[in-house]
Amino acid sequence: MIQSAVGSVEFIASHLKNNQDDRQVVEDWKYISMVLDRIFLILFTAACMLGTVIIILRAPTISDTVAPLA
0 MIQSAVGSVE FIASHLKNNQ DDRQVVEDWK YISMVLDRIF LILFTAACML GTVIIILRAP
60 TISDTVAPLA
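Take 0 as the starting number for the sequence shown in numbering that gives the first Met the number 0 and just add one per residue.
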């Protein structure tokens, strides 16, 4: 009977340790996803800003020195 109780306690302890390991893996993946999300946010923002600047600078009225007709 005592061996059965010891076996049950060992099973519960190993189950809790595995559960804790699984939670640690989940937390690690959450951290990795946050880092990648931040990197992609910075890249997206830079691409949008660069595209906006290029569009504005390529506008013909920026470099046109001819006076308007009216």
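A virtual CB, placed ideally from N, CA and C, is assigned to each residue, including glycine.
- Collapsing the DSSP output to three states places Met33 in a helix.
- Between Ile55 and Asp36, the alpha-carbon positions lie close to 28 Å from each other.
- Straight across, the Cα-Cα distance linking Thr60 with Leu42 is about 29 Å.
- For Thr60, the enclosing alpha helix (DSSP H) begins and ends at Pro59 to Ser62.
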